[in-house]
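Asker:
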Amino acid sequence: PIFDLDRWAYAQEWLYFCCLDFVGTLPTELGLLSNLEKLLLSKNQLTGRIPSELGSLTNLDTLNLSENIFSGAIPSELGLLTKLEKLMLDGNDLTGSMPYEVCQLRKPSGVLDLLEADCKEVK
Numbered sequence: 028p029i030f031d032l033d034r035w036a037y038a039q040e041w042l043y044f045c046c047l048d049f050v051g052t053l054p055t056e057l058g059l060l061s062n063l064e065k066l067l068l069s070k071n072q073l074t075g076r077i078p079s080e081l082g083s084l085t086n087l088d089t090l091n092l093s094e095n096i097f098s099g100a101i102p103s104e105l106g107l108l109t110k111l112e113k114l115m116l117d118g119n120d121l122t123g124s125m126p127y128e129v130c131q132l133r134k135p136s137g138v139l140d141l142l143e144a145d146c147k148e149v150k
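Residue numbers for the sequence shown follow our numbering, beginning at 28 and rising by one.
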């Protein structure tokens, strides 16, 4: 599998897998890579829900999941990422509103400087 965590467990600060046409879902175990500061998985064909376990990556300052095929709601657990400066979720099939917990990360109270998400009406 693409996300064989035994292969990536050594990742110290970042995982960059942009534009590789990866297909499938993100494993919940990705939340165990506690040293990650940057998780960049844009422009692939990743599907399913964004795992709430990503909220365990408390050292993350950049999370880019844009331009995939993620669906469902944005997990409120992303609001636990208090060091997050950049959050890119645009170009997916996400539904619902931005969780309050994530909105609280924005400046001036938080450090979130860049938030990219699609603003379309959900039916």
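In this text, a Cβ means the ideal position worked out from N, Cα and C, and glycines have one as well. These figures come from a predicted structure and were not determined experimentally.
Can you check whether the CB of S98 is closer than 8 Å to the CB of L121?
Answerer: Yes, Cβ-Cβ distance for L121 and S98 is below 8 Å.
Asker: What are the complete beta strand (DSSP E) segments, minimum 3 residues, inside the region 76-128?
Answerer: List check, beta strand (DSSP E) in window: 89-91, 96-100, 113-115, 120-122.
Asker: Tell me where the beta strand (DSSP E) around V50 begins and ends.
Answerer: Segment 50-52, the beta strand (DSSP E) holding V50.
Asker: Going by alpha carbons, who is nearest to E56 out of L107, I77, G118, L142?
Answerer: Nearest option by C-alpha distance: I77.
Asker: In its own chain, which residues sit with a C-beta less than 6 Å from the C-beta of N91, not counting the 5 before and 5 after it?
Answerer: L67, S69, M115, listed in sequence order.
Asker: Taking Cβ to Cβ, would you say T85 is nearer than 8 Å to K113?
Answerer: No. Outside cutoff.
Asker: Exposed or buried, what is D145 when buried is set at 16 or more other beta-carbons lying within 10 Å of its beta-carbon?
Answerer: With fewer than 16 Cβ atoms within 10 Å of its Cβ, D145 is classed as exposed.
Asker: Quick check on the burial criterion: 16 or more other C-beta atoms within 10 angstroms. Buried or exposed for I101?
Answerer: Under this definition I101 is a buried residue.
Asker: What residue range is occupied by the uninterrupted beta strand (DSSP E) comprising E143?
Answerer: Unbroken beta strand (DSSP E) run through E143: 141-143.
Asker: Would you mind working out which of K110, L87, C45, M125 sits nearest S136, comparing C-alpha positions?
Answerer: Considering only alpha carbons, the answer is K110.
Asker: Leaving out the 5 sequence neighbours to the left and right, which residues in its chain are closer than 6 Å to N119 when beta-carbon positions are compared?
Answerer: Once the five neighbours on either side are set aside, the close Cβ partners of N119 are N95, F97.
Asker: Can you find the residues in the same chain that come closer than 8 Å, C-beta to C-beta, to C45, ignoring five residues on each side of it along the sequence?
Answerer: If we look at C45 and ignore the five residues flanking it on each side, its Cβ neighbours are L67, L68, S69, K70, N71, N91.
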